[in-house]
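Q:
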Amino acid sequence: MTEVARAQSEATVAGSRRTAPARQGAPSTGSPDTSKQHRLDIQALRAVAVLGVVTYHLFPGALPGGFVGVDVFFVISGFLITSHLLSRPPQRLADFGRFWSRRALRLLPPVGAVILTTLGGGILFMSPGQWKALAREAITSMLYVQNWQLVSESTDYLDAQRAVSPFQHFWSLSVEEQYYVAWPIVVGALTWCAVRSGRSARALVGWGFVIAVAASFGWGLAQTYSAPAVAYFSTWTRMWELGIGSLLAATYPVLLRRLEPSVRITLFWGGVVGIATAFAVITVDTPFPGYAALLPTLATAAVILATDPGHAGNPRWLTRSAPVQLIGDCSYALYLWHWPLIVIAPYALGHDTAWWDKVVLLVLALLLAWGSTTFLEGPVRGSSWLRARLRRVFVMSLAITALVVVAGVALTAHTNSEIAAASAKVEKAITSGRPCFGAGAMDPAHDCPRTDKLITSPEFAKDDYSDGITDKKCLNWPPYHETPVVCHRGDITDPVKRVALFGNSHAGQWVEAMSKIGRQNHWQVDTYIVGSCYSTFDPNPSFCDDIMSDSAAELLAGKYDLVVMSTLDRADSSSAEMYEPTVRRAAEDGGAVLVIRDTPAPADPTNVTPDCVAAHLDDFGACAGRPRKWIGVDYLTAAAKRVAKDDDRVFRVNLNKYLCRRGTCPAVIGGVIPYRDENHLTVTFAQSLVPYLTPAVERALSGSS
Numbered sequence: 019m020t021e022v023a024r025a026q027s028e029a030t031v032a033g034s035r036r037t038a039p040a041r042q043g044a045p046s047t048g049s050p051d052t053s054k055q056h057r058l059d060i061q062a063l064r065a066v067a068v069l070g071v072v073t074y075h076l077f078p079g080a081l082p083g084g085f086v087g088v089d090v091f092f093v094i095s096g097f098l099i100t101s102h103l104l105s106r107p108p109q110r111l112a113d114f115g116r117f118w119s120r121r122a123l124r125l126l127p128p129v130g131a132v133i134l135t136t137l138g139g140g141i142l143f144m145s146p147g148q149w150k151a152l153a154r155e156a157i158t159s160m161l162y163v164q165n166w167q168l169v170s171e172s173t174d175y176l177d178a179q180r181a182v183s184p185f186q187h188f189w190s191l192s193v194e195e196q197y198y199v200a201w202p203i204v205v206g207a208l209t210w211c212a213v214r215s216g217r218s219a220r221a222l223v224g225w226g227f228v229i230a231v232a233a234s235f236g237w238g239l240a241q242t243y244s245a246p247a248v249a250y251f252s253t254w255t256r257m258w259e260l261g262i263g264s265l266l267a268a269t270y271p272v273l274l275r276r277l278e279p280s281v282r283i284t285l286f287w288g289g290v291v292g293i294a295t296a297f298a299v300i301t302v303d304t305p306f307p308g309y310a311a312l313l314p315t316l317a318t319a320a321v322i323l324a325t326d327p328g329h330a331g332n333p334r335w336l337t338r339s340a341p342v343q344l345i346g347d348c349s350y351a352l353y354l355w356h357w358p359l360i361v362i363a364p365y366a367l368g369h370d371t372a373w374w375d376k377v378v379l380l381v382l383a384l385l386l387a388w389g390s391t392t393f394l395e396g397p398v399r400g401s402s403w404l405r406a407r408l409r410r411v412f413v414m415s416l417a418i419t420a421l422v423v424v425a426g427v428a429l430t431a432h433t434n435s436e437i438a439a440a441s442a443k444v445e446k447a448i449t450s451g452r453p454c455f456g457a458g459a460m461d462p463a464h465d466c467p468r469t470d471k472l473i474t475s476p477e478f479a480k481d482d483y484s485d486g487i488t489d490k491k492c493l494n495w496p497p498y499h500e501t502p503v504v505c506h507r508g509d510i511t512d513p514v515k516r517v518a519l520f521g522n523s524h525a526g527q528w529v530e531a532m533s534k535i536g537r538q539n540h541w542q543v544d545t546y547i548v549g550s551c552y553s554t555f556d557p558n559p560s561f562c563d564d565i566m567s568d569s570a571a572e573l574l575a576g577k578y579d580l581v582v583m584s585t586l587d588r589a590d591s592s593s594a595e596m597y598e599p600t601v602r603r604a605a606e607d608g609g610a611v612l613v614i615r616d617t618p619a620p621a622d623p624t625n626v627t628p629d630c631v632a633a634h635l636d637d638f639g640a641c642a643g644r645p646r647k648w649i650g651v652d653y654l655t656a657a658a659k660r661v662a663k664d665d666d667r668v669f670r671v672n673l674n675k676y677l678c679r680r681g682t683c684p685a686v687i688g689g690v691i692p693y694r695d696e697n698h699l700t701v702t703f704a705q706s707l708v709p710y711l712t713p714a715v716e717r718a719l720s721g722s723s
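One gets our numbering by counting positions in the sequence shown from 1 and adding 18 to each.
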């Protein structure tokens, strides 16, 4: 697993507010029977799976592989739904309508209730800067495309840094619902072909499943090692797990007739041990799904195939016990409720959840699950009035979906209006030439008041980023980019100088400021921004090698008058010696070099400045930091200082006095929130530093010290 994917997975545990893909699983939402018999053993499997997922999210250290409950649920869903379809293959449009209406009757009412409740909780307790993303995720969850939203975010540097969403657990439900839409069509088509060709429908369907499972597993295996975050959420890389259950359903009657009771009890206990082993030994560091997913999926298939064998070695007293069956019955609702509670609780409490808080959350999730199953899911699913007409189910489904979508759109519109209002105030402050705006407030020559009235807003700050730090435009983010994407800014029509901006996302935060300087002075500014890599040609993580090598070839080709460098650095991961060769080579072969010292920042994912400001509008000082904590060691600057001793083409600039002064790093400076997250500058504040950055750039280009 790559460092990026590992960081994303680790961010899913309770109390975390980092953005990352959570390893979560959704309970099977398939039909509860394979024929006419209620499978109590499958209900017990559901209970085990959902408890594994919930335990992992609350106490990850206690059950490191609990997230593989998703794989258990996928196999259960594939088996139950395919068993139902094979017993009554859909042949007419009405058959498909009845199948999908049964799914809607069970799934949509609790989903709508959870999404709307979560949306309300997010508005009540979370920062306004998070509302826009919250609204988008509510809509994608309701439309069952949340997994593809997460695929998009996992390959986007900016989105991958966002806080964990209370809707993130809908990814696996989305995979299942996409399967429920497509699978009846597949089964119907294969059955039709079998009837026309005179072949056995079950045999032809079975072979079709074999091909689908093999193709999906092969693709998932490749993606697990090349794009692990995509592999985790993609329908195509997960379909084989549902296919395992489907393949079992197609061969189930034949296999069951041939299995002796002793073989079945062996399968049962082997499956139980396999699931328990997966819970215990698979971790966030395990490449997943990949080969590792075979353990929980095949183990689940073994338990299902054993069919609750009547044998002295089978603990029916446990699998059929009332508590286990109750949790199995409520597994769908428990899954829906537990994750929003875990994510929103730290915001509501004002601190990360302790173990006793988590126990309370577990009890609350169980009560909500029981209540919604008993008083919402059950009555709606059993409603004879709704079941009497497909049109009524369709109207109900449309109404629930529309309600969530309208709520999400309304929240988005509100947030956009707040951003537009803040943008207008910023534009007015800039055009009026207000000296105490942004970084100017820290300039002693301006004699500005020490108290600030907020001009920007938390919503605006969260959205105030340059396309230099998003992979949609100018940022390269290995392994999703193989060759450098270079953006041309400033004066690109008739430039008198050519400047390159090189580094990771902390060089990217200067894109708009450097572009403005370029336009003012008729310089072209080309960007070489590579996220998650060191600002060096070498060494770097292996996934950075190719793109950094290509960037070096461009930067050292002699076509730039100046190379501007900056980096997000960590003292425990680099050294001045590591950066020296890059600075020296850039000065020798790439023109002059200017290193911008890294800016101060909390560098703490739980201390996102706009969110803190939103929570302390009456006391911005509560969000301020101390220079000794916010200003770290910058080894790139240290390397530039060493090289400058014997090379007069290397220059440095330190703008941190405009972010920290008199022992304080304010959270609001000149009416502007300087950070859009826990470490990147907003475009507005970076541009307010242009008057102080420009002289350093001019000095480097002129070659005078």
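Don't be surprised by glycine CBs; every beta carbon is placed ideally from N, CA and C.
With 16 as the cutoff for other CB atoms within 10 Å, does R468 come out buried or exposed?
A: Locating residue 468 in the sequence shown gives position 450, counting from the first residue. R468 should be labelled exposed.
Q: To the nearest angstrom, how far is it from the Cα of F188 to the Cα of S95?
A: Along the sequence shown, read from residue 1 onward, the residue named residue 188 stands at position 170. Along the sequence shown, read from residue 1 onward, the residue named residue 95 stands at position 77. Roughly 16 Å between the two C-alpha positions.
Q: Do you know whose CA, among F92, I535 and R615, lies nearest Y197's CA?
A: Residue mapping note: residue 197 aligns to position 179 of the sequence shown, counting from 1. For the residues F92, I535 and R615, the minimum Cα distance to Y197 belongs to F92.
Q: Evaluate E434 with the Cβ neighbour count: other Cβ atoms within 10 Å of its Cβ, from every protein chain shown; 16 or more gives buried, anything less gives exposed.
A: As a working note, residue 434 is residue 416 in the sequence shown. Looking at the sequence provided, one finds Asn at residue 434 rather than Glu. Counting Cβ neighbours within 10 Å, N434 comes out exposed, since fewer than 16 surround it.
Q: Using the three-state DSSP reduction, which class does V527 fall into: helix, strand or coil?
A: Translated into the one-based positions of the sequence shown, residue 527 becomes position 509. According to the sequence displayed, residue 527 carries Gln and not Val. Residue state, collapsed to three classes: coil.
Q: Inspect the beta-carbon positions of L274 and W201 and report whether they are closer than 8 Å.
A: Numbered from its first residue, the sequence shown carries residue 274 at position 256. Numbered from its first residue, the sequence shown carries residue 201 at position 183. Not in contact: L274 and W201 (Cβ atoms no closer than 8 Å).
Q: For W355 versus A387, is the C-beta spacing smaller than 8 Å?
A: As a working mapping, residue 355 is identified with position 337 in the sequence shown. As a working mapping, residue 387 is identified with position 369 in the sequence shown. Their beta carbons are under 8 Å apart, which means W355 touches A387 by this criterion.
Q: Could you pull the start and end residues of the alpha helix (DSSP H) that C211 belongs to?
A: Mapped onto the sequence shown, residue 211 falls at position 193. Note, C211: alpha helix (DSSP H), F188 to S215.
Q: What residue ranges within the region 589 to 677 form continuous alpha helix (DSSP H) runs of no fewer than 4 residues, ordered along the chain?
A: Secondary structure in the region 589 to 677: the alpha helix (DSSP H) runs of 4 residues or longer, each lying completely within the stretch, are 594 to 607, 627 to 633, 645 to 648 and 653 to 662 in chain order.
Q: Is it right to say S593 is buried, meaning 16 or more other beta carbons lie within 10 angstroms of its own, or is it exposed?
A: Walking along the sequence shown from the start, residue 593 turns up at place 575. Answer is exposed; the Cβ neighbour count stays below 16.
Q: For a test of your reading of the model: does the CB of A575 fall under 7 Å from any non-hydrogen atom of the ligand COA? Yes or no.
A: Questions concerning the ligand COA fall outside what the structure shown contains, since it holds no ligand whatsoever.
Q: Just to confirm, is the Cβ distance from L58 to Q343 under 8 Å?
A: Locating residue 58 in the sequence shown gives position 40, where the first residue counts as 1. Locating residue 343 in the sequence shown gives position 325, where the first residue counts as 1. For L58 and Q343, yes; Cβs fall inside 8 Å.
Q: Between the region 127 to 145 and the region 619 to 636, do at least 3 Cβ pairs fall closer than 8 Å?
A: yes
Q: If contacts are defined as beta-carbon pairs under 8 Å, then S159 and I141 qualify, I think. What distance do you get, rounded to the angstrom?
A: Taking the first residue of the sequence shown as 1, we reach residue 159 at position 141. Taking the first residue of the sequence shown as 1, we reach residue 141 at position 123. Between I141 and S159 the Cβ distance is about 16 Å, and since that is not below 8 Å, they are no contact.
Q: My output table needs one value for K480: the three-state DSSP class, helix, strand or coil.
A: Translated into positions along the sequence shown, residue 480 becomes position 462. In this structure, K480 counts as helix in the three-state DSSP scheme.
Q: Considering only residues of the same chain and omitting the five flanking positions on each side of G84, which have a CB-CB separation below 7 Å?
A: Locating residue 84 in the sequence shown gives position 66, where the first residue counts as 1. Excluding sequence neighbours, G84 sits near G70, V71, T73, Y74 and F297.
Q: Flag this pair as touching only if the region 283 to 298 and the region 246 to 260 have three or more C-beta atom pairs under 8 Å; answer yes or no.
A: Proximity of the region 283 to 298 to the region 246 to 260 falls short of the contact definition, fewer than three beta-carbon pairs being nearer than 8 Å.
Q: Please classify H464 as buried or exposed, where buried requires at least 16 other C-beta atoms within 10 Å of its C-beta.
A: For the purposes of this step, residue 464 is taken as residue 446 along the sequence shown, with counting starting at 1. Label assigned to H464: exposed.
Q: Pick helix, strand or coil for Q542, following the three-state DSSP scheme.
A: On the sequence shown, residue 542 is found 524 positions in, with the first residue counted as 1. It is a strand residue.
Q: Tell me the rounded alpha-carbon separation between F412 and S402.
A: Residue 412 sits at position 394 when you count from the first residue of the sequence shown. Residue 402 sits at position 384 when you count from the first residue of the sequence shown. Those two C-alpha atoms are separated by around 15 Å.
Q: How would you call F393, buried or exposed, if buried means at least 16 neighbouring beta carbons within 10 angstroms?
A: Along the sequence shown, read from residue 1 onward, the residue named residue 393 stands at position 375. With fewer than 16 neighbouring CB atoms inside 10 Å of its own CB, F393 falls in the exposed class.
Q: Near P476, which residues of its chain fall below 8 Å by C-beta distance, leaving aside the five closest residues on each side in sequence?
A: Numbered from 1 along the sequence shown, position 458 holds the residue referred to as residue 476. So the qualifying residues of the chain are S145, P146, G147, P628, D629, V631, A632 and I691.
Q: Among K647, I614 and I535, which has the Cα closest to the Cα of D622?
A: Sequence index remark: in the sequence shown, residue 622 carries index 604 (1-based). Selected option, being the one with the closest Cα: K647.
Q: Consult DSSP for V514 and reduce its assignment to one of helix, strand or coil.
A: For the purposes of this step, residue 514 is taken as residue 496 along the sequence shown, with counting starting at 1. Here V514 sits in coil by DSSP.
Q: Per DSSP, G508 forms a beta bridge with which residues?
A: Working through the sequence shown from its first residue, we reach residue 508 at position 490. DSSP output for G508 lists Q542 as bridge partner(s).
Q: Let me make sure I understand the geometry here. Which of I203, H540 and V671 has the alpha-carbon closest to that of D113?
A: Here residue 113 corresponds to residue number 95 of the sequence shown, with the count starting at 1. Ranking I203, H540 and V671 by Cα distance to D113 puts I203 first.
Q: Can you tell me the Cβ-Cβ gap for T100 and A268, rounded? I've got them flagged as a contact below 8 Å.
A: For this step, residue 100 is matched to residue 82 along the sequence shown. For this step, residue 268 is matched to residue 250 along the sequence shown. At roughly 7 Å, the Cβ-Cβ gap stays under 8 Å, so T100 and A268 are in contact.
Q: Can you look up Y578 in the DSSP assignment and give me helix, strand or coil?
A: Counting from one through the sequence shown, the residue named residue 578 turns up at place 560. Here Y578 sits in coil by DSSP.
Q: Taking all protein chains shown into account, decide if T511 is buried (16 or more other Cβ within 10 angstroms of its Cβ) or exposed.
A: Along the sequence shown, one-based indexing puts residue 511 at 493. Exposed, by the Cβ-count rule.
Q: Indicate the three-state DSSP secondary structure (helix, strand or coil) for T682 in the structure shown.
A: In the sequence shown, counting from the first residue as 1, residue 682 sits at position 664. Strand at T682.
Q: Return the first residue and the last residue of the alpha helix (DSSP H) that P128 is part of.
A: In the sequence shown, counting from the first residue as 1, residue 128 sits at position 110. Segment L111 to F143, the alpha helix (DSSP H) holding P128.
Q: Who are the Cβ neighbours of L63 in its own chain at under 7 Å, not counting the five residues just before and after it?
A: Looking up residue 63 in the sequence shown gives position 45. The residues are V90, I94, T318 and V321.
Q: To the nearest angstrom, report how far apart T47 and F227 are at their CA atoms.
A: Taking the first residue of the sequence shown as 1, we reach residue 47 at position 29. Taking the first residue of the sequence shown as 1, we reach residue 227 at position 209. Here T47 scores only 43 on pLDDT, less than 50, and its place in the model is too uncertain to base an answer on.
Q: Do three or more CB pairs link the region 432 to 451 to the region 663 to 676 at distances below 8 Å?
A: no
Q: Buried or exposed: which applies to E530, given that a residue is buried once 16 or more other Cβ atoms fall within 10 Å of its Cβ?
A: Here residue 530 refers to the residue found at position 512 when the sequence shown is read from its first residue. It is buried - the Cβ of E530 has at least 16 other Cβ atoms within 10 Å.
Q: Assign T501 to one of two classes, buried (16 or more other C-beta atoms within 10 Å of its C-beta) or exposed (fewer than that).
A: Locating residue 501 in the sequence shown gives position 483, counting from the first residue. Result: exposed.
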